[in-house]
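Student: Protein chains in written order, with my numbering: chain S, 1007 to 1232; chain L, 1007 to 1232.
Virtual Cβ for every residue (Gly too), placed ideally from N, Cα, C.
Predicted model, so just to flag it, every value in this text is computed and none were measured.
There are 2 protein chains.
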Amino acid sequence: MATIYSSQPDVGAAMPDRRAARRQETIDEALDHAVAIMTEHGVGALTVSEMARRMGIRAPSLYKYFPSLRGVYDALFARGLRSQQRAVRAAIEESERGATRIRIGARAVVAWSVANPALAQLLFWRPVPGFEPSPEVFHHSVTEMVEVQAELAEAVQRGELAARAADDDAVRLYTIVLSGVISQQMANQPGATYDTGVFTRLTDDAIDMFFNHYTPAGADHADLGQ
Amino acid sequence: MATIYSSQPDVGAAMPDRRAARRQETIDEALDHAVAIMTEHGVGALTVSEMARRMGIRAPSLYKYFPSLRGVYDALFARGLRSQQRAVRAAIEESERGATRIRIGARAVVAWSVANPALAQLLFWRPVPGFEPSPEVFHHSVTEMVEVQAELAEAVQRGELAARAADDDAVRLYTIVLSGVISQQMANQPGATYDTGVFTRLTDDAIDMFFNHYTPAGADHADLGQ
DNA sequence: GTCTATATGTTGATAGAC
DNA sequence: GTCTATCAACATATAGAC
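1) Please name the residues in the segment 1207–1228 of chain S whose beta-carbon is closer than 8 angstroms to at least one beta-carbon of chain L, in chain order.
2) Going along the chain, which residues of its own chain have a beta-carbon closer than 6 angstroms to the beta-carbon of L/ILE1033, five neighbours each way excluded?
3) In the DSSP assignment, find the alpha helix (DSSP H) that holds S/GLN1195 and state where it starts and stops.
4) Determine, for L/ALA1190, whether the minimum Cβ-Cβ distance to residues of chain S falls below 8 angstroms.
5) Starting from S/THR1053, find everything on chain L with Cβ-Cβ shorter than 9 angstroms and list it in chain order.
6) Taking 8 angstroms as the threshold (C-beta atoms), are L/GLY1048 and S/GLY1086 in contact?
7) How far does the alpha helix (DSSP H) with S/ASN1218 in it extend, from its first residue to its last?
8) For a contact defined as C-beta to C-beta under 8 angstroms, what are the partners of S/ALA1047 on chain L?
9) Where does S/ARG1178 land, buried or exposed, given buried means 16+ other C-beta within 10 angstroms?
10) Starting from the beta carbon of L/THR1181, find every residue of chain S whose beta carbon is closer than 9 angstroms, and list them in chain order.
11) Would you decide whether S/ALA1223 is buried or exposed? Buried here means 16 or more other CB atoms lie within 10 Å of its CB.
12) Going along chain L, which residues have a C-beta under 9 angstroms from S/ASP1175?
13) Quick check on S/PRO1222: does DSSP put it in helix, strand or coil?
14) Evaluate contact between the segment 1200–1207 of chain S and the segment 1142–1160 of chain S, counting only Cβ atoms and requiring at least three cross-stretch pairs below 8 angstroms.
15) Please report the residue range of the alpha helix (DSSP H) in which L/VAL1054 lies.
16) Taking the alpha carbon of S/ARG1132 as the reference point, which residue from S/ALA1027, S/VAL1094 and S/GLY1050 has its own alpha carbon closest?
17) In whole angstroms, what separates the C-alpha of L/ASP1214 from that of L/VAL1162?
18) When the distance is taken between beta carbons, is S/ILE1043 closer than 8 angstroms to S/LEU1037?
19) Under 8 angstroms: do the segment 1180–1194 of chain L and the segment 1115–1123 of chain L share three or more Cβ pairs, one atom per stretch?
20) Can you check whether the C-beta of S/PHE1130 is within less than 8 angstroms of a C-beta belonging to chain L?
21) With 8 angstroms set as the bound, which would you pick, yes or no: does the beta-carbon of L/GLY1276 sit closer than that to a beta-carbon of chain S?
22) Does the segment 1093–1104 of chain S come into contact with the segment 1152–1162 of chain S, if we say contact requires no fewer than three beta-carbon pairs (one atom in each stretch) closer than 8 angstroms?
23) Can you tell which of S/ASN1218, S/ASP1229 and S/ALA1168 has its C-alpha closest to the C-alpha of L/HIS1227?
24) Kindly say whether L/GLY1050, judged by its beta-carbon, lies nearer than 8 angstroms to any beta-carbon of chain S.
25) Between S/ARG1076 and chain L, is any beta-carbon pair separated by less than 8 angstroms?
26) If I follow the unbroken alpha helix (DSSP H) through S/LEU1082, where does it start and stop?
27) Can you tell me whether L/PRO1133 is helix, strand or coil according to DSSP?
28) How many angstroms separate the CA atom of L/ALA1058 from the CA atom of L/ALA1065?
29) Please confirm whether S/ARG1109 has its beta-carbon closer than 8 angstroms to some beta-carbon of chain L.
30) Report the option in S/MET1151, S/PHE1083, S/LEU1129 and S/ILE1108 whose CA atom is closest to the CA atom of S/PHE1216.
31) Thinking C-alpha only, which one of S/ALA1171, S/TYR1180, S/ASP1174 and S/PHE1205 is nearest L/TYR1180?
32) Determine the direct distance from the alpha carbon of S/PHE1083 to that of S/PRO1139, and round the result to whole angstroms.
33) Just to confirm the assignment, what range does the alpha helix (DSSP H) spanning L/ARG1170 have?
34) Just the C-alpha distance for L/VAL1017 and L/ILE1063, rounded to the nearest angstrom, thanks.
35) Provide the residue span of the alpha helix (DSSP H) that contains S/LEU1068, from first to last.
36) Quick one: is S/ARG1064 near chain L, going by C-beta distance under 8 angstroms?
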């Protein structure tokens, strides 16, 4: 297998990999600029022309990397999902399972969202007329919700939450709470960080509210997984 | 004072009122088309040209009624606020005060939002690059929150909710819950009605969750204001 | 208050040379 | 894989005739 560490990079079988890597670098750079544009001027203000302008190339050249503007949005949606997933996984990595992990994961999602408002809007809202993520990209998004449900089931098993918390509706209520925090923060105080945002500061409060709603019978109001 | 019921409508002092009324009708018709365009193609897809096209006039003519495209958005924001307020006031009109009124108002906000998705997106999100409502329009939006806070204080007074429910943070948590329900519904199942939406169906559940979070000391988990 | 005409700018996308 | 050239369309907004 050819390696990108080859000492003779321009020869023979090493080429295709090098080409592919270079190509991927260009794509990544293009997406970096796309995120910057959306952050500065709004998610709906992205244009192929502006991306090309910032890269110092002509617009037609970008069509070698993306089939269309929608293709760019789709790549951005996928990148957003991956980035968010990485952030969450890094946060929960060594945490205890169950309620604790749910809380830490929730904090991570909110923190990632305010740190990446452009991508977050693309994931949580539908701000671009006519754009919907392609099925294969959207599939990852569904996968993520399955993991949340599994963790809720674990919390039930541990006696931290009532049995109802393993239902589909509980997952929905969880997403309602998180997307509420994120939406209100992005819409009403866009510049703030996780610590300074008047809505993001309520993340733990919101999670408490969610957990209390599923307090197991006989248990007291415990502040789970603090 | 001249009346629009004047039997001699084209004479003298009656004219300015008739002119003003006719002008307002044209503006309203223009905004109707604007809402239709946003509903069909997304909030960000509104153009002066398309509005004119649907009205059967030329684009320049519309500039006699609106100073710019942003002016149209501002008028739409104001219309959305008024419409939502009317819906809520009609719903709570004869209800008991306190927790009951909060619950009924919340249902009304969610129902109005899924029935008016375009205007709701304009109010709850910031989907249009560079558009922010003008200060005087936005002021009404703040007024509304003050009313929510007053009703929460009333619920505290009645012993329905704990004292903390009168804090600023409680109002924020309330808006988090509502905007969460609305955001998730609009983003993930846009076509649904209040009754068929998998998220809007959880409105009462979400309000229960909110109320339980502020259960007064000594009180049991009551389903307030059902 | 409507129109035509126009200035001025933008975009997404393709064809084809190099 | 980059470019030039170009298409076809669309936009916001203004000037000025009627």
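Tutor: On the basis of the supplied data:
1) Taking 8 angstroms as the Cβ-Cβ cut-off against chain L, the residues of the segment 1207–1228 of chain S that qualify are LEU1208, ASP1211, ALA1212, ASP1214, MET1215, PHE1216, ASN1218 and HIS1219.
2) Excluding residues within five positions, the ones whose Cβ falls inside 6 angstroms are TYR1071.
3) Premise fails: S/GLN1195 is in no alpha helix (DSSP H) and is neither H nor E.
4) Note on identity: in this sequence residue 1190 of chain L is Gln, with Ala being the wrong assignment. By this cut-off, L/GLN1190 is an interface position.
5) Against chain L, the beta carbon of S/THR1053 has no neighbour under 9 angstroms; the closest one sits roughly 11 angstroms away.
6) Between S/GLY1086 and L/GLY1048, the C-beta spacing is not below 8 angstroms.
7) It spans 1209–1219 - the alpha helix (DSSP H) in which S/ASN1218 sits, taken as one unbroken run.
8) Per the sequence shown, residue 1047 of chain S should be read as His rather than Ala. For S/HIS1047, the neighbours in chain L by C-beta distance under 8 angstroms run, in chain order, PRO1135 and GLY1136.
9) By the 10 Å Cβ count, S/ARG1178 comes out buried.
10) The contacting residues are GLY1186, GLN1190, ASN1194 and PHE1205.
11) Looking at its Cβ environment, which holds fewer than 16 other Cβ atoms inside 10 Å, S/ALA1223 is exposed.
12) Listed along chain L, the residues sitting closer than 9 angstroms to S/ASP1175 by beta-carbon distance are VAL1204, ARG1207, LEU1208 and ASP1211.
13) Coil at S/PRO1222, not helix or strand.
14) Inter-segment contact for the segment 1200–1207 of chain S and the segment 1142–1160 of chain S is absent: fewer than three beta-carbon pairs are separated by less than 8 angstroms.
15) In this chain, the alpha helix (DSSP H) harbouring L/VAL1054 covers 1054–1061.
16) For S/ARG1132, the nearest C-alpha among the options comes from S/GLY1050.
17) In a straight line, the C-alpha of L/ASP1214 is about 16 angstroms away from that of L/VAL1162.
18) Contact: no.
19) Taking a contact to require three or more Cβ pairs closer than 8 angstroms, the segment 1180–1194 of chain L and the segment 1115–1123 of chain L qualify as touching.
20) It does: the Cβ of S/PHE1130 has a partner Cβ on chain L nearer than 8 angstroms.
21) Since the displayed chain L opens at 1007 and closes at 1232, residue 1276 of chain L lies outside it and no answer follows.
22) Using a Cβ-Cβ distance cut-off of 8 angstroms, the segment 1093–1104 of chain S and the segment 1152–1162 of chain S are in contact, since at least three pairs of beta carbons, one from each stretch, lie closer than that value.
23) It is S/ASN1218 whose Cα lies nearest to the Cα of L/HIS1227.
24) Answer yes: the Cβ-Cβ gap between L/GLY1050 and chain S drops below 8 angstroms somewhere.
25) No, because no Cβ of chain L sits closer than 8 angstroms to the Cβ of S/ARG1076.
26) Where S/LEU1082 is concerned, the enclosing alpha helix (DSSP H) starts and stops at 1075–1098.
27) The three-state secondary structure of L/PRO1133, taken from DSSP, is coil.
28) For L/ALA1058 and L/ALA1065, the distance between alpha carbons rounds to 5 angstroms.
29) False, the Cβ-Cβ gap to chain L never drops below 8 angstroms.
30) S/PHE1216 has its Cα closest to that of S/ILE1108, out of S/MET1151, S/PHE1083, S/LEU1129 and S/ILE1108.
31) In terms of CA proximity to L/TYR1180, S/PHE1205 leads the group S/ALA1171, S/TYR1180, S/ASP1174 and S/PHE1205.
32) The straight-line gap from Cα to Cα measures roughly 7 angstroms.
33) First-last for L/ARG1170: undefined, no H or E at that position.
34) Unreliable positioning characterises L/VAL1017 in this predicted model, as indicated by a pLDDT of 47, which lies under 50. The coordinate reading is nonetheless provided below. One C-alpha to the other measures close to 28 angstroms.
35) Run containing S/LEU1068: 1065–1068, per the alpha helix (DSSP H) assignment.
36) It does not; no Cβ of chain L falls within 8 angstroms.
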